[in-house]
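Colleague:
Protein chains: 2
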Amino acid sequence: MQIAFLLYPGFTALDAIGPFDTLSRLPGAETVLVAERPGPVRNESDTLGLVAEAALTEVTRPDIVVVPGGADTSGVAKPGAVQEWLRAVDATSTWTTSVCTGSLILGAAGLLKGRRATSHWLALETLASFGAEPTGERVVIDGKYVTAAGVSSGIDMGLTLLGRIAGDRTAQSVQLLIEYDPQPPYDAGSPEKAPADIVAEWRATM
Amino acid sequence: MQIAFLLYPGFTALDAIGPFDTLSRLPGAETVLVAERPGPVRNESDTLGLVAEAALTEVTRPDIVVVPGGADTSGVAKPGAVQEWLRAVDATSTWTTSVCTGSLILGAAGLLKGRRATSHWLALETLASFGAEPTGERVVIDGKYVTAAGVSSGIDMGLTLLGRIAGDRTAQSVQLLIEYDPQPPYDAGSPEKAPADIVAEWRATM
Numbered sequence: 001m002q003i004a005f006l007l008y009p010g011f012t013a014l015d016a017i018g019p020f021d022t023l024s025r026l027p028g029a030e031t032v033l034v035a036e037r038p039g040p041v042r043n044e045s046d047t048l049g050l051v052a053e054a055a056l057t058e059v060t061r062p063d064i065v066v067v068p069g070g071a072d073t074s075g076v077a078k079p080g081a082v083q084e085w086l087r088a089v090d091a092t093s094t095w096t097t098s099v100c101t102g103s104l105i106l107g108a109a110g111l112l113k114g115r116r117a118t119s120h121w122l123a124l125e126t127l128a129s130f131g132a133e134p135t136g137e138r139v140v141i142d143g144k145y146v147t148a149a150g151v152s153s154g155i156d157m158g159l160t161l162l163g164r165i166a167g168d169r170t171a172q173s174v175q176l177l178i179e180y181d182p183q184p185p186y187d188a189g190s191p192e193k194a195p196a197d198i199v200a201e202w203r204a205t206m
Numbered sequence: 001m002q003i004a005f006l007l008y009p010g011f012t013a014l015d016a017i018g019p020f021d022t023l024s025r026l027p028g029a030e031t032v033l034v035a036e037r038p039g040p041v042r043n044e045s046d047t048l049g050l051v052a053e054a055a056l057t058e059v060t061r062p063d064i065v066v067v068p069g070g071a072d073t074s075g076v077a078k079p080g081a082v083q084e085w086l087r088a089v090d091a092t093s094t095w096t097t098s099v100c101t102g103s104l105i106l107g108a109a110g111l112l113k114g115r116r117a118t119s120h121w122l123a124l125e126t127l128a129s130f131g132a133e134p135t136g137e138r139v140v141i142d143g144k145y146v147t148a149a150g151v152s153s154g155i156d157m158g159l160t161l162l163g164r165i166a167g168d169r170t171a172q173s174v175q176l177l178i179e180y181d182p183q184p185p186y187d188a189g190s191p192e193k194a195p196a197d198i199v200a201e202w203r204a205t206m
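Listed in order, the protein sequences are those of chains A and B.
Position 116, counted from 1, in the first sequence is what the UniProt record's numbering calls 116; the numbers after and before it change by one each time, with no gaps.
Position 124, counted from 1, in the second sequence is what the UniProt record's numbering calls 124; the numbers after and before it change by one each time, with no gaps.
Encoded structure:
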């Protein structure tokens, strides 16, 4: 079981690491961080580098593909090597997944047509332009396509997928190991729950 | 405001990235990933490399210090450059923080003596050997020392600290941006909530 995490300049670190530190604990799984070229890949704020171990051309048949989002995905949501790679590996993947605006990248590759899918709340409606059906749930499974909402939702996605693949017990064991017993100090994690003026401010930045 | 994230061979990626992708969104903050030597630092399962931008000697007065945990912290919890650096930067830091077994590293440096502190649930009692008072809360603040429980708790810690530093509104805004509205598919994130046999299995590995 090979799990490929796509990296590209401008990705959000937590989008990748949430699924990584859950899915990588699947017994027998092999992970690979993959990018157009091996080496450090910078995040969206250019403040962090995560090392891609392999080039796209070296990862041809991953069982699971994980596509993190980023503040600006336009660079990889246009025709090019990443889009071609996504279509190629999707042809044989067991699960094709995304976190946050990663779903826009999958959408641009034509992989979410007619599928229920989610994204970061600020990008949710954009999914429709790729023929997907935007769904405001935190983790959406439609066939082999698993999309998660913004940034931190990749942890919920990882545990959900672990349960599907290896059973509840394995997923619960990983949840306990990463002590995922969330206790946010505020209840502002969705546009429905956050103060309206904060929601409006973020919408205005788009 | 400089926020230094300590990296060392064997760290847990999510321990570092949870606080990173919350605290780094503090307006005006500068982050630095720091290790004994600059360059890629491998995680606990040797499956991922995160790039340290600076050597310990280059980061002398961070305002906030974040120490992630790892499955085996013995290498950095013994006398050496990391321990000396921690004591030095703690002398002038505004906040000294840890996630997971990062508190054992702070404890070994003598920084948690007489302090209420927490750690990964499997390591909690070990804190007492450093003169700390183990506390099973998810985020513990005692003076300028902020310790968080296992792995995923670094997100709660980051938001809590953001609130202390910049006010509730900034913390809520970041919570909304990272869409931290957790919906774990199971309720097994603490030893009190997980199935007893899974808890026993993890305890047996220690």
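For glycine and all other residues, C-beta sits at the position ideal for the given N, C-alpha and C.
None of these values were measured; they are calculated from a predicted model.
For W95 of chain B, which beta-bridge partners are listed by DSSP?
Modeller: Walking along the second sequence from the start, residue 95 of chain B turns up at place 95. DSSP lists B:I64 as partners of W95 of chain B.
Colleague: Decide if E36 of chain A is buried, meaning its Cβ has at least 16 other Cβ atoms within 10 Å, or exposed.
Modeller: As a working mapping, residue 36 of chain A is identified with position 36 in the first sequence. It is buried - the Cβ of E36 of chain A has at least 16 other Cβ atoms within 10 Å.
Colleague: Tell me, to the nearest whole angstrom, how far the beta carbon of A108 of chain B is from that of A77 of chain B; I am working on the premise that it is less than 8 Å.
Modeller: Taking the first residue of the second sequence as 1, we reach residue 108 of chain B at position 108. Taking the first residue of the second sequence as 1, we reach residue 77 of chain B at position 77. Right, the Cβ-Cβ distance comes to about 4 Å (below 8 Å), so this counts as a contact.
Colleague: Alpha carbon to alpha carbon, how far is P191 of chain A from W121 of chain A?
Modeller: On the first sequence, position 191 is the one that residue 191 of chain A refers to. On the first sequence, position 121 is the one that residue 121 of chain A refers to. Looking at the two C-alpha atoms, the distance is approximately 7 Å.
Colleague: For the alpha helix (DSSP H) containing D72 of chain B, name the first residue and the last one.
Modeller: Within the second sequence, numbered from 1, the residue matching residue 72 of chain B stands at position 72. No alpha helix (DSSP H) holds D72 of chain B; DSSP gives it neither H nor E.
Colleague: Please identify the residue among A:P79, A:Y8, A:R61 whose C-alpha is closest to the C-alpha of T96 of chain A.
Modeller: Residue mapping note: residue 96 of chain A aligns to position 96 of the first sequence, counting from 1. When only C-alpha atoms are compared, the closest one is A:R61.
Colleague: Can you give the beta carbon distance from G69 of chain B to Y180 of chain A, rounded, assuming they're within the 8 Å contact cut?
Modeller: Here residue 69 of chain B refers to the residue found at position 69 when the second sequence is read from its first residue. Here residue 180 of chain A refers to the residue found at position 180 when the first sequence is read from its first residue. At roughly 15 Å, the Cβ-Cβ gap does not stay under 8 Å, so G69 of chain B and Y180 of chain A are not in contact.
Colleague: Looking at L7 of chain A: is its Cβ nearer than 8 Å to the Cβ of A52 of chain A?
Modeller: Taking the first sequence and counting its residues from 1, the one referred to as residue 7 of chain A is at position 7. Taking the first sequence and counting its residues from 1, the one referred to as residue 52 of chain A is at position 52. For L7 of chain A and A52 of chain A, yes; Cβs fall inside 8 Å.
Colleague: Looking at chain A, which residues of the stretch 22–52 of chain B have a Cβ within less than 7 Å of any of its Cβ atoms?
Modeller: So the list reads S24, T31, L33, P40, S45, T47, L48, G49, L50, V51, given in the order they occur along the chain.
Colleague: With a threshold of 7 Å on Cβ separation, who are the neighbours of R116 of chain B within its own chain once the five nearest residues in sequence on each side are excluded?
Modeller: Taking the first residue of the second sequence as 1, we reach residue 116 of chain B at position 116. Contacts found: E133, T135, V140, D142.
Colleague: Hey, out of B:P195, B:T101, B:L106, whose CA is closest to Q83 of chain B's CA?
Modeller: For the purposes of this step, residue 83 of chain B is taken as residue 83 along the second sequence, with counting starting at 1. Residue B:L106 is the option with its Cα nearest to Q83 of chain B.
Colleague: Among B:D156, B:A204, B:I178, B:V34, whose alpha-carbon lies nearest the alpha-carbon of A123 of chain A?
Modeller: Counting from one through the first sequence, the residue named residue 123 of chain A turns up at place 123. The option with the nearest alpha carbon to A123 of chain A is B:I178.
Colleague: For P19 of chain B and M157 of chain B, which I take to be in contact (beta-carbon distance under 8 Å), what is that distance rounded to the nearest angstrom?
Modeller: The residue you call residue 19 of chain B lines up with position 19 of the second sequence. The residue you call residue 157 of chain B lines up with position 157 of the second sequence. Contact holds; Cβ gap of about 6 Å.
Colleague: Classify A196 of chain B: buried if its beta carbon has 16 or more other beta carbons within 10 angstroms, exposed otherwise.
Modeller: Counting from one through the second sequence, the residue named residue 196 of chain B turns up at place 196. When all chains shown are included, A196 of chain B counts as exposed.
Colleague: Out of A:Q183, A:G163, A:K193, which has the shortest C-alpha to C-alpha gap to L23 of chain A?
Modeller: Numbered from 1 along the first sequence, position 23 holds the residue referred to as residue 23 of chain A. Here the closest residue by C-alpha is A:G163.
Colleague: Are any of the Cβ atoms in chain B nearer than 8 Å to that of Q2 of chain A?
Modeller: Residue numbering aside, residue 2 of chain A sits at position 2 when the first sequence is read from its first letter. No, because no Cβ of chain B sits closer than 8 Å to the Cβ of Q2 of chain A.
Colleague: Taking C-beta pairs closer than 7 Å, name the residues in chain A that Y180 of chain B reaches, listed in chain order.
Modeller: Position 180 of the second sequence, counted from the first residue, corresponds to residue 180 of chain B. Within chain A, the residues near Y180 of chain B are S152, P184, G189.
Colleague: Whole angstroms are fine: how far does the CA of D15 of chain A sit from the CA of G154 of chain A?
Modeller: Within the first sequence, the letter at position 154 stands for residue 154 of chain A. Within the first sequence, the letter at position 15 stands for residue 15 of chain A. Each residue's alpha carbon lies about 6 Å from the other.
Colleague: In chain order, what residues of the same chain have a beta carbon less than 8 Å from the beta carbon of G114 of chain A, not counting five sequence neighbours either side?
Modeller: Against the first sequence, residue 114 of chain A aligns to sequence position 114. Closer than 8 Å at the Cβ level, and outside the excluded window around G114 of chain A, lie G131, A132, E133.
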